[in-house]
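Colleague: This structure is in structure tokens; I'll ask about it shortly.
Protein chains in written order, with our numbering: chain Y, 7 to 203; chain V, 4 to 414.
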């Protein structure tokens, strides 16, 4: 993971297609362990495989920034926690993401934030997996945007669950994670239940 | 397989040049190429001919394709590898960038058009636009994925008179293939020239689709007028990574009256604004009539250099993302003002009275719209929307029950 992960706009000619930012709840992302590279090239994009069956190179999420911490001396970076109705996202931004890092530094916790970034899977020395999001952008937003995101993310998650049997990534997810759709439907149900009608 | 007919053809060509041909040897070589190496018979014939030409030092023996060398053909019938005689009109000439090339341009007859190149070594007479010529023994090869006529030292060129009026047939933009094409289209969008030598670039469209075009700077070239319908004859059609584009530098372009419907048109896309690109917010444009390029921080226009009398503009460039697909959006001034709640006048004041200058406007725009849900409407071309109207998408509690039902359906 030595490659600095700049937004990929430099490659904008020809057949370049920007990777969509997936909507995924914290509780689903927490279960994500499988990661892979598509293509042979060193610069080919890397993906994580979501348990509901979609490859994911980028995420967009809106939640509450609850804690942030500055780390490192020479190579300073920020880690922060962003909470949604199902759990916690771990986000970070370093000197290769200067704008996102400055934004995290500036925004006071707690606040609603919108985050675009790339998920990365790490293995800890004791064998556990951790997933953290390297931020491309972080903005302070209002509750309306957070609630809109919960609807958006619920819809996207339900769509993925419904298509699981019919897509290659869905089949792969069932094989790798033994995904129980009922668990994720309940997760969506619980998330929606926390919104005011 | 029987090799006698190919062998005979080859030996005839060789003996016609006054050399003795060893038929057994020729047949042996053909057999080896075709049977052992799986070479197609036509290719094997050419290979053997080339080899003999080299061995016997016969200059224009090789390269002829099976039995057709020098046959008179129409442009439409030509394909890569042919040797032929053609009668065609020079419809355009373009500047050549190689010292090995004497002239290059486009030939046309009643059946089609094709690029041609005259090598310096060919010692050919100068061709002029509008004249008809008979080209004896030209070779056709492939250049940038389309056939190309080559005039070499073995070609004889005679000027001829022809009464055939040439009116190229225009085709729908969707049907363009690499080579030469003629269309009737409307100039729908002008883009910033990305190169000093570029005179103009943008999009033309008709009912079937849109295509990018470029005109390079050349003596006497004039810019096209946005919104006008043009008949464009003999444009160079290029393909790059699966996308077709037109080079109109040497095309014949005639403005037309009236208007035509253009495809594509309106697109609507909703999603989260996940990125705002540099160059959003307050920008400065070149004031030179018809230029409108974005100036650098030092008020430098890539074409007209320093322009202290710049004009301000307001725009947003970014990416909308719905989780499955993305669209690049370019929000124009009025829609930007509406979305950010900041008029161009306020933005200008802010930039002029703030230590961060125009960056301050960028930061405020970002703060107000990045990470928000938007619906954008405007002309859509190639995953890119030129946004004329847009607004925020809000939380709607009315959507909750339906989603709850879907989520709760199975327990």
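Even for Gly, the Cβ is constructed at its ideal location relative to N, Cα and C.
Using beta carbons (cut-off 7 Å, strictly below), is residue 408 of chain V in contact with chain Y?
Modeller: Closer than 7 Å: no.
Colleague: Quick one: what's got a C-beta closer than 6 Å to residue 32 of chain Y's C-beta in the same chain, skipping five residues either side?
Modeller: Closer than 6 Å at Cβ, skipping near neighbours: 90, 92, 93, 94 and 95.
Colleague: By how many angstroms is the C-alpha of residue 84 of chain V removed from the C-alpha of residue 6 of chain V?
Modeller: Cα to Cα, the separation comes out at about 21 Å.
Colleague: Would you kindly work out how many angstroms separate the C-alpha atoms of residue 158 of chain V and residue 195 of chain V, rounded to a whole number?
Modeller: The alpha-carbon atoms of residue 158 of chain V and residue 195 of chain V are separated by roughly 43 Å.
Colleague: Between the stretch 321-351 of chain V and chain Y, which residues of the former have a C-beta closer than 7 Å to a C-beta of the latter?
Modeller: Of all residues in the stretch 321-351 of chain V, 322, 324, 326, 327, 328 and 329 have a Cβ within less than 7 Å of some Cβ in chain Y.
Colleague: Taking C-beta pairs closer than 8 Å, name the residues in chain V that residue 160 of chain Y reaches, listed in chain order.
Modeller: Those are 406 and 410, listed as they occur along chain V.
Colleague: Tell me, please, which residues DSSP counts as bridged to residue 135 of chain V.
Modeller: DSSP output for residue 135 of chain V lists V:92 and V:163 as bridge partner(s).
Colleague: Please classify residue 13 of chain V: is it buried, with 16 or more other beta-carbons within 10 angstroms of its beta-carbon, or exposed?
Modeller: The residue is buried, with at least 16 neighbouring Cβ atoms inside 10 Å.
Colleague: Mind checking if residue 198 of chain V is an interface residue toward chain Y, Cβ cutoff 7 Å exclusive?
Modeller: For residue 198 of chain V, the answer is no, since every Cβ of chain Y falls outside 7 Å of its Cβ.
Colleague: Leaving aside the five residues before and after residue 211 of chain Y along the sequence, list all residues of the same chain whose C-beta is less than 6 Å from its C-beta, in chain order.
Modeller: Any property of residue 211 of chain Y remains undetermined from this structure, which presents chain Y solely from 7 to 203.
Colleague: Given this structure, state the Cα-to-Cα distance separating residue 337 of chain V from residue 54 of chain Y, to the nearest angstrom.
Modeller: Cα to Cα, the separation comes out at about 40 Å.
Colleague: Mind pulling the chain C residues with CB within less than 7 Å of residue 150 of chain Y?
Modeller: Judged by its chain identifiers, the structure shown contains no chain C, and its protein chains are Y and V.
Colleague: Starting from residue 347 of chain V and walking both ways along the alpha helix (DSSP H), at which residues does that stretch end?
Modeller: Its alpha helix (DSSP H) spans residues 347-355.
Colleague: Using a Cβ cut-off of 8 Å, pull out every chain Y residue sitting near residue 373 of chain V, in sequence order please.
Modeller: Per Cβ cutoff of 8 Å: 120, 143 and 145.
Colleague: From the DSSP output, which residues share a beta bridge with residue 286 of chain V?
Modeller: Answer is V:316, bridged to residue 286 of chain V.
Colleague: Give me the residue from V:351, V:340, V:326 and V:369 with the minimum Cα distance to residue 164 of chain Y.
Modeller: Cα-wise, what sits closest to residue 164 of chain Y is V:326.
Colleague: For the alpha helix (DSSP H) containing residue 161 of chain Y, list its first residue and its last residue.
Modeller: Start and end: 149-169.
Colleague: Quick check: residue 321 of chain V and residue 278 of chain V, are their CB atoms within less than 7 Å of each other?
Modeller: It is a contact, given that the beta carbons lie within the stated cut-off.
Colleague: How big is the Cα-Cα spacing for residue 35 of chain Y and residue 160 of chain Y?
Modeller: Going by the C-alpha atoms only, they are around 14 Å apart.
Colleague: Check the Cβ-Cβ distances between residue 66 of chain Y and every residue of chain V, and say whether any is below 7 Å.
Modeller: With 7 Å as the cut-off, residue 66 of chain Y counts as an interface residue toward chain V.
Colleague: Can you look up residue 365 of chain V in the DSSP assignment and give me helix, strand or coil?
Modeller: Three-state result, residue 365 of chain V: helix.
Colleague: Count the other CB atoms within 10 Å of the CB of residue 180 of chain V; is the residue buried (16 or more) or exposed (fewer)?
Modeller: So residue 180 of chain V ends up on the exposed side.
Colleague: Would you say residue 179 of chain Y reaches chain V, if we count a Cβ-Cβ gap shorter than 7 Å as a contact?
Modeller: Answer no: the Cβ-Cβ gap between residue 179 of chain Y and chain V never drops below 7 Å.
Colleague: Do you know offhand how far residue 117 of chain Y's Cα is from residue 199 of chain V's?
Modeller: Using only the alpha carbons, I get a separation of about 48 Å.
Colleague: Following the continuous alpha helix (DSSP H) through residue 407 of chain V, name the residue where it begins and the one where it ends.
Modeller: Residue 407 of chain V -> alpha helix (DSSP H) spans 403-411.
Colleague: Kindly say whether residue 402 of chain V, judged by its beta-carbon, lies nearer than 7 Å to any beta-carbon of chain Y.
Modeller: Closer than 7 Å to some Cβ of chain Y, the Cβ of residue 402 of chain V qualifies, so yes.
Colleague: At the level of alpha carbons, what is the spacing between residue 90 of chain V and residue 207 of chain V?
Modeller: For residue 90 of chain V and residue 207 of chain V, the distance between alpha carbons rounds to 32 Å.
Colleague: Can you name the start and end residues of the alpha helix (DSSP H) that residue 187 of chain Y belongs to?
Modeller: Taken as a continuous stretch (DSSP letters only), the alpha helix (DSSP H) holding residue 187 of chain Y covers 187-199.
Colleague: Closest Cβ-Cβ distance between residue 275 of chain V and chain Y: below 7 Å?
Modeller: Cβ-Cβ to chain Y under 7 Å: yes for residue 275 of chain V.
Colleague: Within a Cβ cutoff of 8 Å, which residues of the same chain sit near residue 105 of chain Y, ignoring the five residues on either side of it in sequence?
Modeller: These residues qualify, in order along the chain: 143.
Colleague: Which residues of the stretch 357-371 of chain V have a Cβ closer than 8 Å to any Cβ of chain Y? Give them in chain order.
Modeller: Answer set for the stretch 357-371 of chain V: 369 and 370.
Colleague: Select from Y:139, Y:120 and Y:158 the residue whose C-alpha is nearest the C-alpha of residue 146 of chain Y.
Modeller: With distances taken between Cα atoms, residue 146 of chain Y lies closest to Y:120.
Colleague: Suppose the cutoff is 8 Å on Cβ atoms and the five residues either side in sequence are ignored; what does the same chain contact list for residue 241 of chain V look like?
Modeller: Cβ neighbours of residue 241 of chain V beyond the five flanking positions: 147, 181, 247, 248, 249 and 250.
Colleague: Comparing C-alpha positions only, which one of V:348, V:129, V:29 and V:160 sits nearest to residue 8 of chain V?
Modeller: Measuring from the Cα of residue 8 of chain V, the nearest candidate turns out to be V:29.
Colleague: Would you mind stating whether residue 139 of chain Y and residue 127 of chain Y have Cβ atoms separated by less than 7 Å?
Modeller: Cβ atoms of residue 139 of chain Y and residue 127 of chain Y: not closer than 7 Å.
Colleague: Give the C-beta separation of residue 87 of chain Y and residue 72 of chain Y to the nearest angstrom, bearing in mind that I take them to be a contact with Cβ-Cβ under 8 Å.
Modeller: Going by Cβ atoms, the distance from residue 87 of chain Y to residue 72 of chain Y rounds to 5 Å, so yes, they are a contact pair.
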